[in-house]
């Protein structure tokens, strides 16, 4: 009871977060046995997170890498960290694996927890900045009394801090990442770091260096065990704390030890999670996706979803009201900032650091790149571990939101007026995201779409195959996860305790995976079921397997599968490329075709082709005004044009052949216009002819 009294305001903020979550996402996502709403996601990321956990829960454990996943890219090793499966939660529930149902998910409850912590920590931080912490009276024995002594103005401001928490509960990064990049929805980690910093800043009852090291060690543990992008964000708040302690001349140990604690705990955890021992891990992808600085306040400046750093209209309004309050109370503000000079300097340091880190090496303002900073390659390789560095600007956005709301309450004397202002800010924050919130409400409350089993594997023979006990491994012919069948097959394997040789992971060296995984077919195994999806069927005559077709999917087995009719070995039919996956320049997609205008270019989707002789046929119009070629080559490496022989030349139909003497990775066909005449591509088909 006493604890409830003491923490009732943060708990009220947490309740606000819970109510917002339930209003947007409903309660069905909280059913731990309900996984279809994840598997039906339009984006593959939530599916990756869930299936990464499912494969990990049945993976063997080999010390010292307790977070290693041996089932996702069998026979190789990855880490649960790189499937974004919330490693700390995955480890905890792995311990309970024996009593959990076959299908179990914790992501719905994680979402609820994120919203609750976002609201509770936001209220606590705003109230501390506002200087309206409740004070407890003393009884006649000198102990803290249960009752709280507050004036009506203080009570109004505390309610205002709850309303201000609404601005952060509706923070855009939290909204757009929840159940998309679910681990990245842990915005509350930044607020927790801000809270620890504010506690260290208080003039009375400052925590000791040892206690502060403990807090920052816990934060290092949480960041490394939830998502790596929070390490630099929280780390910059730690720098602010240490800068402040340095300005206070508290000694080298007081400045350095919290940093040592944070880094040591995070690195130790990453080691045991297997982050440094994962196969196919590629930490640098060679680019930085930076933020437009004005994008914090202007929503339409984001060049991509990853570069959306908008802090919301409610945040902007809170900052404006705070500045207005400071101007109107200049003397009070002068005294406040003089008393908190070190905090102000440290805050400026963290904002500058964050904007530098989030901007990348191309400084962009209002949609225009002002200049590009030359960076040594070794630094680029390190920085590119966080290539989507625009995300780091969330720290600046949340800091502005929390400080703005707190200063509104501090510099507007009447407790009711600033509370009403923050209520308007919270409403404005939600109103600015009304389309996104409505879409999510519709998505998660329309049960027919979200909560039905829509697997493509409906043939009962699949269960017969699993029940036979002959198979313990699933192997895809190539590394290509951009097929609905891929995820359904991995789900099938995970449900039955099988391994998969292919999976999508964060920080993955896709080139190495593309080159390595087809080697699974070099030594065929009787305990492995082989899957040939779409274009991989072109390789079926290259391997001595028994072939079957279930739900339209071609599978192969070394030994015959009892009770199933084997598919005859016909001539492998031509396969049609998906034109919607083409890269287009000065071109457009319409009515199933691609139209190329002046200077137009179409580059088809990427396929892996096994050795052999191939024929490619393009249909459309205007080919006599085009240049057609084929190329292959690994990502970010040199590409090679193939020597092709045109066997059919017509303005409406072009056919060429070529011979692949080795496996061709990321093979594509290209069409360029040669003059002002338009070119239309209706179809591109590929067949293996030898």
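In my numbering, the protein residues as written are 3 to 692.
The beta-carbon is built from N, C-alpha and C at its ideal position, and this holds for glycine as well.
Problem set entry | Separation of residue 291 from residue 638, as counted between CA atoms | Distance between the alpha carbons of residue 638 and residue 291 is about 16 angstroms.
Problem set entry | At least three beta-carbon pairs within less than 8 angstroms, the segment 662 to 671 to the segment 504 to 522 | They touch, by the three-pair rule.
Exercise. Straight-line CA distance for residue 61 to residue 73?
Worked result: One C-alpha to the other measures close to 5 angstroms.
Exercise. Is residue 618 closer than 8 angstroms to residue 648 when the C-beta atoms are compared?
Worked result: No. Outside cutoff.
Exercise. Would the beta-carbon of residue 635 fall within 8 angstroms of that of residue 629?
Worked result: Taking the C-beta atoms as reference points, residue 629 is found no nearer than 8 angstroms to residue 635.
Exercise. For chain D, is any of its Cβ atoms less than 8 angstroms away from the one on residue 688?
Worked result: Any reference to chain D falls outside this structure, which holds one protein chain only.
Exercise. So the beta strand (DSSP E) residue 383 belongs to, where does it begin and stop?
Worked result: Per DSSP, residue 383 lies in no beta strand (DSSP E) segment; the continuous alpha helix (DSSP H) that holds it begins and ends at 379 to 385.
Problem set entry | Range of the contiguous alpha helix (DSSP H) that encloses residue 441 | From DSSP, the alpha helix (DSSP H) with residue 441 extends over 436 to 447.
Problem set entry | Reduced DSSP category for residue 521 - H, G, I as helix; E, B as strand; rest coil | Looking at residue 521 - three-state DSSP - the assignment turns out to be helix.
For this session: Report, in whole angstroms, the separation of the C-beta atoms of residue 222 and residue 267, which I expect to be a contact under 8 angstroms.
Result: 4 angstroms between Cβ atoms; contact.
Exercise. In whole angstroms, what separates the C-alpha of residue 50 from that of residue 504?
Worked result: About 12 angstroms.
Exercise. Who are the Cβ neighbours of residue 245 in its own chain at under 6 angstroms, not counting the five residues just before and after it?
Worked result: So the qualifying residues of the chain are 348, 351.
Problem set entry | With 16 other Cβ atoms within 10 Å as the buried cut-off, status of residue 79 | By the C-beta density criterion, residue 79 is buried, having at least 16 other C-beta atoms within 10 angstroms.
Exercise. CA-CA distance, residue 156 and residue 313?
Worked result: Taking the straight line joining both Cα atoms gives about 28 angstroms.
Problem set entry | Pick from 479, 548, 587 that is closest to residue 536, judged by C-alpha positions | The option with the nearest alpha carbon to residue 536 is 479.
Exercise. Residues bridged to residue 1 by DSSP?
Worked result: A question about residue 1 goes unanswered here, because the residues of the chain that appear run from 3 up to 692.
Exercise. Would you say the beta carbon of residue 58 comes nearer than 7 angstroms to a heavy atom of the ligand FAD?
Worked result: Of the ligands one can find in the structure shown there are none, so the ligand FAD has no counterpart to examine.
Problem set entry | Status (buried if at least 16 other CB within 10 Å, exposed otherwise) for residue 45 | With fewer than 16 Cβ atoms within 10 Å of its Cβ, residue 45 is classed as exposed.
For this session: Run the CB neighbour count on residue 427, radius 10 Å, all protein chains shown included, and call it buried at 16 or more, exposed below.
Result: Buried, since its Cβ has 16 or more Cβ neighbours within 10 Å.
Exercise. Beta-carbon separation of residue 172 and residue 316 under 8 angstroms?
Worked result: Cβ atoms of residue 172 and residue 316: closer than 8 angstroms.
For this session: With DSSP collapsed to three states, give me the class of residue 633.
Result: Note: residue 633 maps to strand in three-state DSSP.
Exercise. For residue 186, which residues from the same chain have a beta carbon less than 6 angstroms from its beta carbon, with the 5 sequence-adjacent residues on both sides left out?
Worked result: So the qualifying residues of the chain are 179, 229.
Exercise. If you check the beta carbons only, do residue 603 and residue 579 fall under 8 angstroms apart?
Worked result: Against a cut-off of 8 angstroms, the Cβ pair of residue 579 and residue 603 comes out as no contact.
Problem set entry | residue 15 versus residue 167 - alpha carbon distance | For residue 15 and residue 167, the distance between alpha carbons rounds to 6 angstroms.
Exercise. Closest to residue 201 by CA distance: which of 542, 373, 240 is it?
Worked result: For the residues 542, 373, 240, the minimum Cα distance to residue 201 belongs to 240.
For this session: Please report the Cβ distance between residue 500 and residue 473, rounded to the nearest whole angstrom; I am assuming they are in contact, meaning their Cβ atoms lie under 8 angstroms.
Result: That pair is a contact at about 7 angstroms.
Exercise. Is there contact here, the segment 395 to 402 with the segment 355 to 365, by at least three beta-carbon pairs under 8 angstroms?
Worked result: Short answer: they touch.
For this session: Can you give me the Cβ contacts of residue 90 inside the same chain, cut-off strictly under 6 angstroms, excluding the 5 residues immediately before and after it?
Result: Excluding sequence neighbours, residue 90 sits near 227.
For this session: Enumerate, from N- to C-terminal direction, the unbroken alpha helix (DSSP H) stretches of 4 or more residues contained entirely within the segment 447 to 518.
Result: Counting only runs of 4 or more, we get 449 to 452, 463 to 469, 486 to 497, 512 to 518.
Problem set entry | DSSP three-state assignment for residue 666, whether helix, strand or coil | Residue 666: strand per DSSP, three-state reduction.
Exercise. When the Cα of residue 605 is compared with those of 613, 615, 593, 620, which residue comes out closest?
Worked result: Residue nearest to residue 605 within the set 613, 615, 593, 620 is 620 (criterion: CA-CA distance).
Exercise. Residues bridged to residue 604 by DSSP?
Worked result: DSSP output for residue 604 lists 586, 673 as bridge partner(s).
Exercise. How many Å lie between residue 528 and residue 77 at the Cα?
Worked result: Cα to Cα, the separation comes out at about 15 angstroms.
Exercise. Bridge partners of residue 548, per DSSP?
Worked result: BP columns for residue 548 point to 559.
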